[in-house]
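Each remark here refers to the structure printed beneath this line.
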Amino acid sequence: MPSSSSQLLLDGVIDTLSALMSGGNSPTNLSQLRHRLNLLTAWLGDPFSESNILPGSTVLEIGCGQGDMTVPLAHFARHVIAVDPAPLDYGAPFTLGQAQDQISRSAQVGEKITWVQSDPIQYIQRTSELLPDFAVLAHSLFYLESEQYFVELLRALAVVARRHGDGKAMKVLIAEWGMRASNSAADAHVLAVKAQAANPITDGNVRTVITPADIQRLASEAGLKIEREVWLACPDVEDGQWEVGSVKTMEYDGVAGFQIRAMERAVAELGDRKIASMDVWTGVFVL
17 MPSSSSQLLL DGVIDTLSAL MSGGNSPTNL SQLRHRLNLL TAWLGDPFSE SNILPGSTVL
77 EIGCGQGDMT VPLAHFARHV IAVDPAPLDY GAPFTLGQAQ DQISRSAQVG EKITWVQSDP
137 IQYIQRTSEL LPDFAVLAHS LFYLESEQYF VELLRALAVV ARRHGDGKAM KVLIAEWGMR
197 ASNSAADAHV LAVKAQAANP ITDGNVRTVI TPADIQRLAS EAGLKIEREV WLACPDVEDG
257 QWEVGSVKTM EYDGVAGFQI RAMERAVAEL GDRKIASMDV WTGVFVL
């Protein structure tokens, strides 16, 4: 984790970057930015260390959404290619288009970001000159249509990684909800995601649940091996509360109904405690 001096720098970066984003320095923005910066630390070490390899690099981000990860990546890296297939009118209270446009107008990072609205695999396959130092998938796997799509995406990234002929291998950096809770207050989050996996909500955040074990297995199938993995215990973000709230609108059918009832029991057992977010798994992959 960052040193005390780096932590002070981190706090300053969070305040600066939140001002560039839709929602400004709201508690939600601040907590989400802090979490994304913690992901960078888990992947690559202290971002303020002289040995950190992110500065000067080009990053391909898959599933950029409204730019929660894009902004901190652009702060440290030379250039970020941010790809997402979602329509620009998707999202609330700000759409992807509104959020991305505000970030693009910022003097600090705007010119360092290229937004691409495209299917990621199609973009990778048609962009023969693509040669990033890192490919980042931060909390984007659950939006994918299937495990098969994910392994095809990893294979496409492996092709890009092989283009490096200078011995400087591209790294694939992945972070996703780990489907475990080291804090019982996050049990409801795990169960809410399981319910959505059994019966996805239209325009919801969960289409395909890919566990850390699945990620490593599928990466191996694609020719990638894990170099580093780090767990982050129950980050202080609101995602757990959001997913539980979403599930309350679902029908009590089949497997989903079983998970919903278990989730409701977990929420009831919390009493006055708030719902927490589950643990996050991070991994670094190379050829």
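Numbering (the numbering used here), first residue to last: 17 to 303. Quick reminder that beta carbons are idealized off the backbone N, C-alpha and C, glycines included.
Alpha carbons only, please: which of Met-279, Leu-248, Ala-177, Val-87 is nearest the one belonging to Leu-207?
Met-279
Looking at the structure shown, is Leu-70 part of a helix, part of a strand, or coil, going by DSSP?
In this structure, Leu-70 counts as coil in the three-state DSSP scheme.
Spatial neighbours of Leu-11 within its chain, please: CB distance less than 6 Å, with the 5 preceding and 5 following residues excluded, ordered by chain position.
As displayed, the chain neither begins before 17 nor continues past 303, which places residue 11 out of reach and without an answer.
Grouping DSSP H, G and I as helix and E and B as strand, with all else coil, what is Thr-224?
coil
Taking 8 Å as the threshold, find out whether the stretch 115-129 comes into contact with the stretch 82-89 through three or more Cβ pairs.
Yes: the two stretches touch, three or more of their Cβ pairs being nearer than 8 Å.
Can you name the start and end residues of the alpha helix (DSSP H) that Ala-316 belongs to?
For residue 316 there is no data in the structure shown, the boundaries of the chain being 17 and 303.
Roughly how many angstroms lie between the CA atoms of Asp-105 and Val-29, to the nearest whole one?
29 Å
Tell me, which residues are paired with Asp-100 by DSSP?
Gln-133
What does the alpha-carbon distance come out to for the pair Tyr-165 and Ala-202?
29 Å
Output the boundary residues of the beta strand (DSSP E) element that contains Ile-190.
187-193
Under the assumption that Val-246 contacts Ala-102 (Cβ atoms under 8 Å), give the Cβ distance between them as a whole number of angstroms.
Wrong, their Cβ atoms sit about 28 Å apart, outside the cutoff.
Considering only residues of the same chain and omitting the five flanking positions on each side of Gln-138, which have a CB-CB separation below 7 Å?
none
Grab the span of the beta strand (DSSP E) containing Arg-244 for me, first residue to last.
241-248
Kindly indicate which residue of Gln-82, Val-271, Gly-107, Arg-244 has the alpha-carbon position closest to the one of Asp-117.
Gln-82
Output yes or no for whether 7 Å exceeds the beta carbon distance between Asp-84 and Gly-194.
no
Return yes when the Cβ of Gly-299 is within less than 7 Å of the Cβ of Ile-242, no when it is not.
Between Ile-242 and Gly-299, the C-beta gap is smaller than 7 Å, which places the two residues in contact.
Quick one: using the 10 Å Cβ neighbour count with 16 as the cut-off for buried, is Leu-24 buried or exposed?
Flag for Leu-24 reads exposed.
May I have the straight-line CA-CA distance separating Gln-133 from Ile-217, to the nearest angstrom?
23 Å
With DSSP as the reference, label Glu-77 as helix, strand or coil.
strand
Are the stretch 62-74 and the stretch 33-46 touching by the rule of at least three beta carbon pairs closer than 8 Å?
no
Measuring straight from C-alpha to C-alpha, what distance separates Leu-26 and Leu-53?
8 Å
Would you tell me roughly how many angstroms separate the C-alpha atoms of Trp-113 and Ser-144, rounded to the nearest one?
Note on residue identity: the sequence assigns Gly, not Trp, to residue 113. Spanning the two alpha carbons is a distance of roughly 27 Å.
For Lys-210, does the count of other Cβ atoms within 10 angstroms reach 16, so buried, or fall short, so exposed?
buried
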